[in-house]
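Novice: 1 is the number of the first residue of the sequence shown in our numbering; add one for each residue after it.
Ideal Cβ positions, reconstructed from N, Cα and C, are used throughout, including at glycine.
Model, not experiment: these values are computed from the prediction.
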Amino acid sequence: MDLSLENKKIELIQWLSTLDDTSLIDKLMRLREKEKNDWWNEISAKEKESIEKGIQEADNGKLTSHSNVKGIYEKWL
Numbered sequence: 001m002d003l004s005l006e007n008k009k010i011e012l013i014q015w016l017s018t019l020d021d022t023s024l025i026d027k028l029m030r031l032r033e034k035e036k037n038d039w040w041n042e043i044s045a046k047e048k049e050s051i052e053k054g055i056q057e058a059d060n061g062k063l064t065s066h067s068n069v070k071g072i073y074e075k076w077l
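(1) Quick one: which unbroken beta strand (DSSP E) runs of 3-plus residues sit fully inside the region 2 to 46? Chain order, please.
(2) Compute the beta-carbon to beta-carbon distance between Ile25 and Leu19, rounded to the nearest angstrom, for a pair I have assumed lies under 8 Å.
(3) Could you check the C-alpha separation between Asn60 and Ser50 for me, to the nearest Å?
(4) What residue range is occupied by the uninterrupted alpha helix (DSSP H) comprising Lys75?
(5) Counting only the same chain and skipping the five closest in sequence on each side, list residues whose C-beta sits under 8 Å from that of Leu77.
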């Protein structure tokens with residue numbers, strides 16, 4: 001892991017250990033809970049259906065190579 005990331009984590013831990021503001025701590029806890037939510041539960045049934053269809057097509061070998069797609073759309077890129 002990146003050393004600067006480790007340093008940021010340590011700095012946050014030290015800061016949190018000195019916090020006395022319960023409202024800020026509660027906000028941080030809510031943020032933590034929100035981050036635990038699975039995005040799958042947040043998307044619509046139609047989006048789930050589309051993703052599942054794509055996975056099924058990929059499993060069945062119905063794929064188009066990146067180079068083929070790039071060739072088709074390169075005039076817009």
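Specialist: Checking against the coordinates, here is how it stands:
(1) Considered as a whole, the region 2 to 46 harbours no complete run of any beta strand (DSSP E) with no fewer than 3 residues.
(2) Confirmed, about 6 Å.
(3) Going by the C-alpha atoms only, they are around 15 Å apart.
(4) Taken as a continuous stretch (DSSP letters only), Lys75 belongs to no alpha helix (DSSP H), as it is neither H nor E.
(5) Result list for Leu77: Lys70, in chain order.
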